[in-house]
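Single-structure report; data block below.
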Amino acid sequence: MTTPITMEFWSESEADAGRISQRVFDEFDRIDRQMSRYREDSELSAVNRTAAERPVKVSDGLFQVFMKAEAVSELSGGAFDISFGSVGYMYDYREKHQPTAEQIQQNLPHINYHDIVLDKDEQTVFFRQQGLLTDMGGIAKGYAVDRGIDILRAEGIRHARLSAGGDMRLLGDKRGRPWIVGVRDPRNESANAVVLPLSDVAISTSGDYERFFIDENGERVHHIISPKNGRPVKGVQSVTILGTNALTTDGLSTAVFVLGVEKGLTMINQLAGVDAIIIDEQRRMHYSAGLLDPKGGSESE
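Numbers 3 to 303, taken from my numbering, label the letters of the sequence shown in order.
Structure, rendered in structure tokens:
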């Protein structure tokens with residue numbers, strides 16, 4: 003999944019801890035083989051190759067992620083759209099390459115989540131148009147974290163922290179104390195913008211610092227692409243979402259990043275059990291209605 007995975011939990015024996023850890027990491031490997039856009043042999047790559055020709059039957063897990071992606075797309079009015087890969091695949095952040103304006107305009111019509119048809123009875127995926135490509139980068143890690151927590155819980159683990167990149171689940175508390183989770187300063191990787199005491203929660207952060215390069219015009223070219231124009235989203239530096247499961251918080255963090263502060267908070271404030279912290283491009287911090295600003299207002303510098 004091109005991201006570090008970290009886990010912390012308590013077990014009665016070292017042997018059990020090793021066995022349980024291996025089960026979790028094996029599950030991450032399995033999901034990577036299903037949903038990675040970087041693997042030609044992944045189930046997702048097979049869908050991208052053939053779903054415009056005929057409906058493709060997919061595994062339970064991949065179909066669940068497709069279903070959640072559709073739900074977040076509907077909720078956000080298309081701000082979250084896994085078919086952004088139709089343009090997103092043309093960006094190469096390691097090679098510092100981005101598509102031309104002509105290439106974006108040519109492929110932009112392929113970004114349309116309405117053209118991804120899901121058949122619940124047959125558990126198939128069909129694309130209504132050729133050229134549409136899906137990318138689960140904004141949601142699959144959340145699903146993997148949830149699956150890892152499911153394994154830990156099934157093994158009798160009561161206190162754990164599991165994270166993959168910007169997605170984290172906390173199982174219980176830290177044995178009588180809250181887990182202390184830092185939200186990274188988007189412009190200083192060694193500093194936190196805010197620190198939260200948490201337990202039994204999912205937390206996902208999307209930031210313009212995760213995969214990016216600076217182009218010849220001094221512009222930050224990052225991996226969160228607007229489905230409307232095929233360009234990196236401007237106006238926000240990071241979005242952190244808190245909720246009950248990482249599959250949801252992962253998708254919502256990207257959706258809010260694309261929507262921006264005002265529309266993003268409006269959407270989050272309508273959702274029960276979900277909260278958000280947004281850092282905008284002026285480095286102001288914004289909170290959803292369910293979070294108390296530590297400085298006593300709605301925004302802080």
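Don't be surprised by glycine CBs; every beta carbon is placed ideally from N, CA and C.
Treat the numbers as computed from the prediction; the structure is a model and nothing was measured.
Check: Whole-angstrom distance between residue 136 and residue 59, CA atom to CA atom; Outcome: 16 Å
Check: Sequence-distant residues of its chain with Cβ nearer than 7 Å to residue 230 (five each side left out); Outcome: none
Check: For residue 111, the nearest candidate out of 222, 11, 127 and 83 (CA to CA); Outcome: 83
Check: Reference residue 343; option with closest CA among 169, 292, 194 and 51; Outcome: Since the first residue shown for the chain is 3 and the last is 303, residue 343 is missing from the structure and cannot be characterised.
Check: Residue environment, residue 239, which counts as buried when at least 16 other CB atoms sit within 10 Å; Outcome: buried
Check: Beta carbon proximity, residue 273 to chain D, threshold 7 Å; Outcome: Among the protein chains of the structure shown there is no chain D, as only one such chain exists.
Check: DSSP three-state assignment for residue 10, whether helix, strand or coil; Outcome: strand
Check: Inter-stretch contact (C-beta, 8 Å, three-pair minimum) for the segment 199-218 and the segment 91-103; Outcome: yes
Check: 8 Å contact criterion, which residue 166 and residue 154 should meet: CB distance rounded; Outcome: About 14 Å separates the two Cβ atoms, so there is no contact after all.
Check: Rounded straight-line distance, which links the Cα of residue 13 to that of residue 178; Outcome: 16 Å
Check: From 288, 227, 258 and 9, residue whose alpha carbon lies closest to that of residue 146; Outcome: 9
Check: Strand pairing of residue 224, partner residues [DSSP]; Outcome: 214
Check: Range of the contiguous alpha helix (DSSP H) that encloses residue 20; Outcome: 16-37
Check: Limits of the beta strand (DSSP E) - the one that residue 280 falls within; Outcome: 277-282
Check: Unbroken stretches of the beta strand (DSSP E), 3 residues or longer, contained in the segment 132-204; Outcome: 162-166, 169-173, 181-187 and 190-200
Check: Pair within 7 Å by beta-carbon distance, residue 243 and residue 195; Outcome: no
Check: 7 Å CB neighbourhood of residue 87 in its chain, flanking five on each side removed; Outcome: 39, 135, 136 and 137
Check: Euclidean distance between Cα positions of residue 265 and residue 70; Outcome: 20 Å
Check: Among 4, 26, 114 and 121, the one whose alpha carbon lies nearest that of residue 228; Outcome: 114
Check: Separation of residue 172 from residue 180, as counted between CA atoms; Outcome: 10 Å
Check: Residues sharing a beta bridge with residue 112, DSSP; Outcome: Bridge partners of residue 112: none, in fact.
Check: Cβ-Cβ distance between residue 17 and residue 129 below 7 Å; Outcome: no
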